[in-house]
Amino acid sequence: MLAVVPEAKRPAFAEAVENHRTTVKASLSPAKRGERFNVPRLTCEIQGKLEFADTDLFVEDHDWSLLYYPAKLDEDEFMIRETARSFEIDIDGKRVTHQFINEQEQLALNIAVEGWTPEALTLWLDGQVRGPDLRQNELLKWLRDLVGHLIHVRTLHVSALMRCKFLLARKIANKLDDVRRQERETAYQHGLFAPAAKVEVSFDAAFAFKDGMYGDERRHRGHWKPGKHFLGPDNVPAFDGAIDGEEVQCAQALDRLPDVKYWIRNVARHPESFRLPTATGRFYPDFVALLNDGRFLIVEYKGAHIAEGSDTTEKRTIGALWEQRSNGQGLFIVVERNVNGKDVRRQLMEKIGTT
């Protein structure tokens with residue numbers, strides 16, 4: 435273009451082009467400018483190999499047995515009560531009542547029926563509650579022992595159990611789910627917090643935020659336009675809660691901090707979002723920010739009514755582990771509306787280390 439401009443006007447034209455480029459570049463989001471925003475992952479060693487920390491992997495590597503758990507249902511868990519014209523099945527304090535149609539059916543409740551045996555009930559229950567994470571031989575033995583306990587210790591007749599076998603299967607399935615949750619918790623604690631656990635924060639397989647990554651997500655349409663969102667002011671994924679609610683107010687405080695270079699609204703359950711493992715699944719903090727000094731700030735906002743629940747405590751713990759293993763590169767904070775008289779901005783500033 436300069437070649438066709440008269441020589442005397444070339445300096446002014448070149449300056450105008452450069453000013454135009456500068457103006458356009460300033461209007462682009464950091465993502466469109468091609469800036470890198472790679473946040474290190476929490477990793478751990480599993481069978482001698484460094485893996486992305488995930489509870490499903492911990493469970494796969496965790497050896498456990500169903501036979502560690504008592505094969506029984508106590509009265510407060512499962513109970514059958516017969517009345518004059520009905521019988522009640524009590525599961526965890528919730529009662530289901532079945533009415534007898536006639537006298538013959540009433541008499542049959544505790545009378546042997548051909549094919550209704552402990553072995554048949556055990557095999558039927560096995561088909562209802564089996565799962566790929568349960569060893570078949572262990573499950574059969576555990577169910578045989580459980581049925582035996584109901585019949586011989588609790589003195590419940592096999593015919594009565596067969597009549598309510600679907601409710602019994604539901605209760606057993608729930609009990610097995612409780613076992614799974616306990617074992618996941620054990621595997622999680624062992625994989626990340628045991629003295630022998632080898633946990634690192636690594637850039638080798640970092641979370642990479644980039645332009646267009648949340649293109650299919652619903653966007654924030656409020657009046658406020660952030661100045662430092664990584665994807666730009668018009669590409670902010672929608673916040674939870676009201677359009678001007680507490681989570682938006684937290685984002686505004688983050689956006690106004692001089693120490694923040696840029697930040698992003700981290701979408702929950704998105705495959706490319708930053709996440710940390712929990713015993714039950716995965717934790718997606720609300721915001722991820724890059725500071726001017728190169729450190730990363732992970733922010734989770736919690737309302738006062740849930741700030742001290744067990745779920746939040748678990749998030750604080752895994753976030754603190756990520757921060758601890760980041761070698762000074764990462765900061766993690768759970769922010770509340772007010773903590774000891776400190777508003778959101780003050781909490782963030784203290785975490786960053788500014789006054």
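Residue numbers for the sequence shown follow our numbering, beginning at 435 and rising by one. Even glycine gets a Cβ: it sits at the ideal position worked out from N, Cα and C.
Of the residues assessed, residue 586 falls on the exposed side of the cut-off, its CB having fewer than 16 other CB atoms within 10 angstroms. Residue pairing by DSSP places residue 756 opposite no residue, since no beta bridge is assigned to it. Here residue 651 carries a coil assignment [DSSP, helix/strand/coil]. Between the segment 723-734 and the segment 688-697, the count of Cβ pairs shorter than 8 Å is three or higher; the stretches touch. Inter-residue distance for residue 648 and residue 753 is about 24 Å (C-alpha atoms, whole angstroms). Taken through DSSP and simplified to helix, strand or coil, residue 590 comes out as coil. Beta-bridge partners assigned by DSSP to residue 513: 524.
Between residue 580 and residue 506, the C-beta spacing is below 8 Å. Taking C-alpha positions only, residue 634 is separated from residue 689 by approximately 29 Å. Counting only runs of at least 3 residues, the segment 656-708 fully encloses the following beta strand (DSSP E) elements, listed from N- to C-terminal order: 694-699. Around the beta carbon of residue 629, fewer than 16 other beta carbons lie within 10 angstroms, which makes this residue exposed. Just so you know, the alpha carbons of residue 615 and residue 609 end up roughly 10 Å apart. Between the alpha carbons of residue 786 and residue 570 lies a distance of about 53 Å. Around the CB of residue 442, fewer than 16 other CB atoms lie within 10 Å, so the residue is classed as exposed. In this structure, the CA atom of residue 653 is about 13 Å from the CA atom of residue 676.
Straight-line spacing of the CA atoms in residue 640 and residue 484 works out to 13 Å.
For residue 561, the uninterrupted alpha helix (DSSP H) run begins and ends at 552-563, by DSSP. For residue 571, the enclosing alpha helix (DSSP H) starts and ends at 570-582. Excluding sequence positions up to five before and after residue 681, its CB lies within less than 8 Å of the CB of 673, 674, 675, 720, 735, all in the same chain and listed in chain order.
If you draw a straight line from the Cα of residue 764 to the Cα of residue 596, it is about 58 Å long.
Rounded to the nearest angstrom, the gap between the Cα atoms of residue 554 and residue 636 is 53 Å. Around the beta carbon of residue 657, a 10 Å sphere encloses fewer than 16 other beta carbons of the protein chains shown; the residue is thus reported as exposed. For residue 735, the enclosing beta strand (DSSP E) stretches over residues 730-735. Excluding the 5 residues flanking it on each side, residue 503 has same chain C-beta neighbours closer than 6 Å at 613, in chain order. Just measuring C-alpha positions, the residue of 774, 655, 601, 522 sitting nearest residue 559 is 601. Residue 473 counts as buried, since no fewer than 16 other beta carbons sit within 10 angstroms of its beta carbon.
Under the DSSP assignment, residue 625 falls outside any beta strand (DSSP E), being part of the alpha helix (DSSP H) whose first and last residues are 599-627.
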